[in-house]
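So the protein lines, in turn, are chains A and B. Each number in my numbering comes from the position in the first sequence (counting from 1) with 463 added on. Each number in my numbering comes from the position in the second sequence (counting from 1) with 256 added on. Beta carbons are placed, not taken as given, at the ideal position from N, Cα and C, and that holds for glycine. Below you'll find the structure, written out as structure tokens, and then a few comments.
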Amino acid sequence: MDLTTVTSKRLLFLGLLFLVFILLAFLPLYGSVYTVILVTAIFMYIILTVSWVIFSGPTGYISLAPAAFFGVGIYTSAVLGKVLPLPIVICIGALASFCLALLVGALTLRLRGIYFSIFTLGLVLLIQQLLLWYEVRITHTRGRFVIVVNNTTIYYVMLGILVILLLAAYLIRRSKYGLALQSIGEDEEAAAHIGINVTVLKTIIFAVSAIFTGAAGAIMATRWTYIDPYIAFNPLFSFLPVLMAIFGGMGQFYGPIIGAAIFAYLEEVLLTRFPYYYMLIFGIILVVAILYLPDGLVGLVQKWRKGGSARQHADT
Amino acid sequence: MRILEGKGVTKHFGGLAAISNVDFYVDRGEIVGLIGPNGAGKTTLFNLISAALPLNSGVIRFKGEKITGLKPHRICRAGVARTFQSVKVFGNMPVLGNVLLGSLFGTSIGMSSADATKEAIESLEFAGLSAVSATLAKDLTLANQKRLEVAKALATKPELLLLDELVAGLNATETAQAMELVTKIRDRGITILVIEHVMKAIMSICDRIMVLHHGEKIAEGTPKEITNNQTVIEVYLGK
Numbered sequence: 464m465d466l467t468t469v470t471s472k473r474l475l476f477l478g479l480l481f482l483v484f485i486l487l488a489f490l491p492l493y494g495s496v497y498t499v500i501l502v503t504a505i506f507m508y509i510i511l512t513v514s515w516v517i518f519s520g521p522t523g524y525i526s527l528a529p530a531a532f533f534g535v536g537i538y539t540s541a542v543l544g545k546v547l548p549l550p551i552v553i554c555i556g557a558l559a560s561f562c563l564a565l566l567v568g569a570l571t572l573r574l575r576g577i578y579f580s581i582f583t584l585g586l587v588l589l590i591q592q593l594l595l596w597y598e599v600r601i602t603h604t605r606g607r608f609v610i611v612v613n614n615t616t617i618y619y620v621m622l623g624i625l626v627i628l629l630l631a632a633y634l635i636r637r638s639k640y641g642l643a644l645q646s647i648g649e650d651e652e653a654a655a656h657i658g659i660n661v662t663v664l665k666t667i668i669f670a671v672s673a674i675f676t677g678a679a680g681a682i683m684a685t686r687w688t689y690i691d692p693y694i695a696f697n698p699l700f701s702f703l704p705v706l707m708a709i710f711g712g713m714g715q716f717y718g719p720i721i722g723a724a725i726f727a728y729l730e731e732v733l734l735t736r737f738p739y740y741y742m743l744i745f746g747i748i749l750v751v752a753i754l755y756l757p758d759g760l761v762g763l764v765q766k767w768r769k770g771g772s773a774r775q776h777a778d779t
Numbered sequence: 257m258r259i260l261e262g263k264g265v266t267k268h269f270g271g272l273a274a275i276s277n278v279d280f281y282v283d284r285g286e287i288v289g290l291i292g293p294n295g296a297g298k299t300t301l302f303n304l305i306s307a308a309l310p311l312n313s314g315v316i317r318f319k320g321e322k323i324t325g326l327k328p329h330r331i332c333r334a335g336v337a338r339t340f341q342s343v344k345v346f347g348n349m350p351v352l353g354n355v356l357l358g359s360l361f362g363t364s365i366g367m368s369s370a371d372a373t374k375e376a377i378e379s380l381e382f383a384g385l386s387a388v389s390a391t392l393a394k395d396l397t398l399a400n401q402k403r404l405e406v407a408k409a410l411a412t413k414p415e416l417l418l419l420d421e422l423v424a425g426l427n428a429t430e431t432a433q434a435m436e437l438v439t440k441i442r443d444r445g446i447t448i449l450v451i452e453h454v455m456k457a458i459m460s461i462c463d464r465i466m467v468l469h470h471g472e473k474i475a476e477g478t479p480k481e482i483t484n485n486q487t488v489i490e491v492y493l494g495k
């Protein structure tokens, strides 16, 4: 492929990206309320998945902590939503998640493999139970109401978080730190001996990825109106990002985005069309995807493209 | 001038003394060989110098400054680079990416990415890997993976290079080429401490050799002295 085709392809891609962004930016003006809510949910899943992939994708540390960071965002919103304006609440939610991740990262990132995964899952349950204990024993009220915000605002905030996240994820991936994270995933000992401060790098990237999860939680809480520890710290929000990332494929930047989008849409369709069989069908699709698409949807696309180009060469 | 010096270096694994009370030194510009039977503690000593493992007691100095207790990445940035006996290249990364990490993170000064890329390309050229710079590291032959290990280490601009069994598993031609690479590195002014099992290879290039056995230093001297040393012969061949 010569340089001009590469540049023109790139321009085409950027143009398409811009078009998609414009379409999304004006969606509330022409789309139905249902569409806006559906797309908001899709955005939320993409945020959860992409921010999970920032850290866990290259390093191979399977974190099950997203639900903890998401929940911290949700509770921040529930507690502070009545006294502070929305943008500040979201920033505090993001910051609180960042701090929690920094602390947890510094304590646990020396654990490897399954131990790290289990610890992070334990964190979610620990916070959930602590809060529950606090609410039952101390405040004697379980759960809280959250100040409601209109759908369009939620949509735009979610879109804003998503755009910033995608930019951040892309820049980290392209930077020298992205390369270093990948080397940690390949061989952490070798990475340390080549001069990478693995502990600090892991902790900081882990914490940065939590910012977006926390922010998403803070805005999402306003749509749910009522939350309690079981809703806010639901372990499902730890597992879903992992599944969506695997479903989409982590080999390419766009993999987890597409994975999360299709996954979220699928969930919605199944839930509305087949309310009784939704989990069953969903489960079957997942099993099939993991069995037959080891590299996710991205792997499928690449295989298909490779096959296509091979045929082209065979023709000439 | 001493570039590396260890005093009373000791490491226990449970009840087993992997390294017990070893004193050693390396002078600037030397190639020093470290030999001994399997399990003698050679790699453990490397792990202690590069901080992969903490010492139980003793002290290691690099250029006169104590480096015991530092983290591995600090040791690397201070100017001590190492390779691994079982190659630890980043398999799913291109060869250039592997080396780039060294020049981006491992140098003492911290380079801009343009300079780091230049340095990485130079290291690859030096190790004779320019032709495969875009290949994934896992697709290289063993000989080239070992060269890549050296190139990665060199990209961190070390003053002292620790080579752990550079020629294990290589054929005669590849061994000769690897030895040539080692002398080329020394000619650049980098001091080398090398572990090797292939006696012919190590005897030909080393200025001085240390022999470890059961975690203790049993002999030290020029290659010629070592080949005539009665204790060393007993250890290797039995009485």
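- Message: I need the straight-line Cα distance from valine 502(A) to tyrosine 618(A), nearest angstrom please.
- Response: Cα to Cα, valine 502(A) sits roughly 8 Å from tyrosine 618(A).
- Would methionine 349(B) count as contacting chain A if we go by Cβ distances under 8 Å? Yes, contact with chain A.
- Give me the Cα-Cα distance between proline 521(A) and leucine 357(B), rounded to the nearest whole angstrom. Cα to Cα, the separation comes out at about 15 Å.
- Message: Residues in the same chain with beta-carbon distance under 7 Å from asparagine 461(B), minus the five sequence neighbours each way, listed in chain order, please.
- Response: According to the sequence as given, residue 461(B) is isoleucine; it is not asparagine. Hits under 7 Å: Ile287, Met435, Val438, Thr439.
- Please name the residue in Pro692(A), Leu628(A), Gly746(A) whose C-alpha comes closest to that of isoleucine 668(A). Isoleucine 668(A) has its Cα closest to that of Leu628(A), out of Pro692(A), Leu628(A), Gly746(A).
- Query: Since glutamine 765(A) meets chain B, which of its residues come closer than 8 Å, beta carbon to beta carbon?
  - Reply: Residues of chain B passing the Cβ test: none, with the nearest at roughly 15 Å.
- Task: With DSSP collapsed to three states, give me the class of arginine 739(A).
- Result: Here the sequence assigns tyrosine to residue 739(A), which means arginine is not the residue at that position. Residue state, collapsed to three classes: coil.
- beta strand (DSSP E) containing threonine 487(B): first to last residue? It is not in any beta strand (DSSP E) - threonine 487(B) instead sits in the alpha helix (DSSP H) that spans 486-493.
- Query: With 8 Å set as the bound, which would you pick, yes or no: does the beta-carbon of arginine 333(B) sit closer than that to a beta-carbon of chain A?
  - Reply: So, interface residue.
- Query: Between leucine 357(B) and chain A, is there a C-beta pair that is closer than 8 Å?
  - Reply: For leucine 357(B), at least one C-beta of chain A is nearer than 8 Å to its own C-beta.
- Query: Do you know how far the Cα of asparagine 303(B) is from the Cα of glutamate 730(A)?
  - Reply: One C-alpha to the other measures close to 51 Å.
- Message: So, under 8 Å CB-CB, glycine 471(B) and alanine 274(B) are touching, yes? Tell me the CB distance rounded to an integer number of Å.
- Response: So it is a contact: roughly 5 Å between Cβ atoms.
- Task: Give the DSSP bridge partners of lysine 473(B), in chain order.
- Result: Answer is Leu468(B).
- Task: Could you round the C-beta distance between threonine 556(A) and glycine 677(A) to whole angstroms and report it? I think they count as a contact, below 8 Å.
- Result: According to the sequence shown, residue 556(A) is glycine rather than threonine. Between glycine 677(A) and glycine 556(A) the Cβ distance is about 5 Å, and since that is below 8 Å, they are a contact.
- Item | Partners in chain B for alanine 655(A), counting only beta-carbon separations shorter than 7 Å | Result: Pro328, His329.
- Please report how far the alpha carbon of threonine 666(A) lies from the alpha carbon of leucine 565(A), in whole angstroms. One alpha carbon belongs to threonine 666(A), the other to leucine 565(A), and they sit about 6 Å apart.
- Query: Which residues mark the beginning and the end of the alpha helix (DSSP H) in which aspartate 443(B) is found?
  - Reply: For aspartate 443(B), the enclosing alpha helix (DSSP H) has its first and last residue at 428-443.
- Within its chain, find whatever has a CB closer than 6 Å to the CB of aspartate 463(B); leave out the 5 residues flanking it on each side and keep chain order. Contacts found: Glu286, Ile287.
- Query: If you run the structure through DSSP and keep just helix, strand and coil, what is threonine 266(B)?
  - Reply: In the structure shown, threonine 266(B) sits in a strand (DSSP, three-state: E or B).
- Query: Helix or strand or just coil, what does DSSP make of aspartate 650(A)?
  - Reply: Aspartate 650(A): coil per DSSP, three-state reduction.
- Buried versus exposed call for alanine 338(B) [16 or more other C-beta atoms within 10 Å across all chains shown]: Going by the sequence as given, residue 338(B) is arginine instead of alanine. Buried, since its Cβ has 16 or more Cβ neighbours within 10 Å.
- Measure from the alpha carbon of tryptophan 596(A) to the alpha carbon of each residue in Leu756(A), Phe476(A), Tyr693(A), then state which is nearest. Selection Leu756(A), Phe476(A), Tyr693(A) evaluated against tryptophan 596(A) yields Tyr693(A) as nearest (Cα-Cα).
- Task: Kindly list, in the order they appear in chain A, the residues whose Cβ is closer than 7 Å to that of lysine 267(B).
- Result: Within chain A, no residue comes near lysine 267(B); the closest Cβ sits about 17 Å away, beyond 7 Å.
- Item | Local Cβ density within 10 Å of phenylalanine 737(A), reported as buried at 16 or more and exposed below that | Exposed, by the Cβ-count rule.
- the ligand FMN heavy atom lying under 7 Å from the CB of methionine 621(A): Absent from the structure shown: the ligand FMN. Ligands present: none.
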